[in-house]
C-alpha cells in the first residue's frame with residue numbers, strides 16, 4: 002500500500018489555507034472588539050526585516066498555487082500582490098482555493114518522479130523530483146508562512162489557539 | 002506510481018529537526034556576539050500565553066517522535082522536559098533524531114490505512130488513518146513548533162533567514 006501525490010498534497014493545502022482564512026476572521030473580530038484599525042494587523046511584522054502579515058498571507062497562497070502548478074502542470078492564476086486589508090487577503094485565499102479545487106486529481110497523481118525546477122534565489126533554480134519538491138519545499142514554505150501569520154496575530158493579542166491552527170483538520 | 006509512508010515522513014522529520022538544531026547554533030552565536038545571556042532566548046515567547054522557546058523545541062521533538070511511534074509501532078523514548086539551555090535543547094533534538102534513525106523503513110511503510118488514536122485535548126482522543134494523521138496532525142504540529150521557534154529567535158534579532166529554515170533540504 003502507498004499514498005498518492007494528490008492525497009498527500011491537495012487536502013493539506015486546502016486545510017491549511019482554510020485555517021489561515023479563519024485566523025483572519027478572528028483578527029477582524031478582535032480589532033472590532035478592541036476598537037482598533039485592523040490595518041495595524043495587516044502591516045505588522047515580528048522583526049523589522051521580516052515580512053508583514055499581508056505578505057505572509059500572499060506567500061502562503063503562492064506556496065500552494067505555484068507548488069501545485071509545478072506538480073500538476075495546470076497553470077495557476079497570477080495575482081498582483083495588491084491586497085491591503087483583511088477582506089482582500091481573505092479573497093486572495095478564496096481565489097487560491099478555487100484554483101486548488103480546479104486541479105484534476107489525475108494531473109497530480111503520478112508526478113512523484115517528475116523533475117520540478119523552481120526558483121531558489123536570484124537567477125538560481127533548483128530541480129527536485131515531485132515528491133521531494135512537495136515534502137521539502139512546498140510544504141515547509143506553506144507551513145512557514147501560515148504559522149508566521151498566526152504568530153504575528155498572537156503577538157498582537159488575537160485570541161488564537163492550537164485548535165484554530167488545526168481547525169480545518171476535521172476530515 | 003505512488004509514494005511510501007516512510008519516504009513521505011522520515012526524511013521530512015530529519016530535515017526539519019536538523020534545521021531546528023541549526024537555529025539554536027545561530028542563537029548561541031548571536032548571544033555570544035552580542036554578549037547577552039542565551040537564557041533570555043531560551044525563556045522568551047511571542048505572547049504572555051504562548052509557550053517559550055524551550056517548550057517549542059521540546060514539542061517539535063515530541064511531534065516527531067510521538068508521531069513516528071504511533072505510525073510505526075516502534076516505542077519512542079520518554080523525555081522529562083527538563084531541558085533549560087541551548088545545548089540541552091540541541092541534545093534533545095539529537096536524541097530524537099537517534100530515535101527517528103532507529104525506526105526501520107518496513108515498520109512505517111504500509112501504515113497509511115492503520116488506525117491511529119492520539120490525544121486531542123484533556124480526556125479526548127481522535128482516531129485517523131495513518132496517512133491523514135501524518136499529513137494533518139504530525140506535520141502541521143512539527144512545522145508549527147519549528148516555525149514558532151524560528152519566529153521567537155528572529156523577533157530577538159538572531160540572524161536567521163529562509164535559507165536557514167530550509168538548510169537541511171539539500172537532498
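Residue numbers (our numbering), protein chains in the order written: chain A, 2 to 172; chain B, 2 to 172. C-beta atoms are modelled at their ideal positions from N, C-alpha and C, and glycine is treated no differently. These figures come from a predicted structure and were not determined experimentally.
- Query: Between B:140, B:166, B:139, which lies nearest to residue 151 of chain B when the distance is taken from Cα to Cα?
  - Reply: B:166
- Cβ neighbours of residue 44 of chain B in the same chain (closer than 6 Å, five flanking residues each side left out): 53
- Query: Rounded to a whole number of angstroms, what is the C-alpha to C-alpha distance between residue 5 of chain B and residue 40 of chain A?
  - Reply: 44 Å
- Message: Based on DSSP bridge pairs, tell me the residues matched to residue 15 of chain B.
- Response: Answer by DSSP bridge pairing: none, since residue 15 of chain B is not bridged.
- Task: Out of A:12, A:37, A:19, A:47, state which residue places its alpha-carbon closest to the alpha-carbon of residue 153 of chain B.
- Result: A:47
- Can you have a look at residue 139 of chain B and say buried or exposed, based on whether 16 or more other CB atoms are within 10 angstroms of its CB? buried
- Sequence-distant residues of its chain with Cβ nearer than 8 Å to residue 101 of chain A (five each side left out): 11, 14, 15, 18, 65, 66, 69
- Query: Counting contacts by CB-CB distance shorter than 8 Å, is residue 118 of chain A in contact with chain B?
  - Reply: no
- Task: Over the uninterrupted alpha helix (DSSP H) stretch that includes residue 120 of chain A, give me the two end residues.
- Result: Careful: residue 120 of chain A lies outside any alpha helix (DSSP H), inside the beta strand (DSSP E) at 116-120.
- Message: Let me confirm a value: residue 114 of chain A is counted as buried when at least 16 other C-beta atoms fall within 10 Å, else exposed. Which label applies?
- Response: exposed
- Any idea if residue 132 of chain A is buried or exposed, counting beta-carbon neighbours within 10 angstroms, 16 or more meaning buried? buried
- Message: Distance check for residue 99 of chain B and residue 31 of chain B, CA to CA, integer angstroms please.
- Response: 27 Å
- Message: For chain A, check one thing: does any of its Cβ atoms lie closer than 8 Å to the Cβ of residue 3 of chain B?
- Response: yes
- Any alpha helix (DSSP H) of 4 or more consecutive residues that is wholly inside the segment 84-171 of chain B: 87-103, 106-109, 131-134, 140-156, 163-166
- Task: Would you kindly work out how many angstroms separate the C-alpha atoms of residue 42 of chain A and residue 134 of chain A, rounded to a whole number?
- Result: Taking the Cα positions, residue 42 of chain A is about 32 Å away from residue 134 of chain A.
- Query: Between residue 61 of chain A and residue 146 of chain A, which are expected to be in contact by the criterion C-beta below 8 Å, what is the C-beta distance as a whole number of angstroms?
  - Reply: 4 Å
- Tell me whether residue 60 of chain B sits in a helix, a strand or coil according to DSSP, three-state version. helix
- Task: Please work out which residues of its chain come closer than 8 Å, Cβ to Cβ, to residue 161 of chain A, disregarding the five sequence neighbours upstream and downstream, and give them in chain order.
- Result: Around residue 161 of chain A: 24, 27, 151, 154, 155.
- Query: Within 10 angstroms of its Cβ, does residue 120 of chain A collect 16 or more other Cβ (buried), or is it exposed?
  - Reply: exposed
- Evaluate residue 172 of chain A with the Cβ neighbour count: other Cβ atoms within 10 Å of its Cβ, from every protein chain shown; 16 or more gives buried, anything less gives exposed. Note that residue 172 of chain A scores a pLDDT of 45, beneath 50, so its modelled location is shaky and nothing firm can be said.
- Message: Below 8 Å on the Cβ atoms is my contact criterion, and I expect residue 95 of chain B with residue 59 of chain B to pass it. Report the Cβ-Cβ distance as a whole number of Å.
- Response: With 8 Å as the limit, residue 95 of chain B and residue 59 of chain B do not qualify as a contact, their Cβ atoms being about 13 Å apart.
- Of all the residues that make up the segment 14-32 of chain A, which are near chain B by a beta-carbon distance shorter than 8 Å? Per Cβ criterion, the list reads 16, 17.
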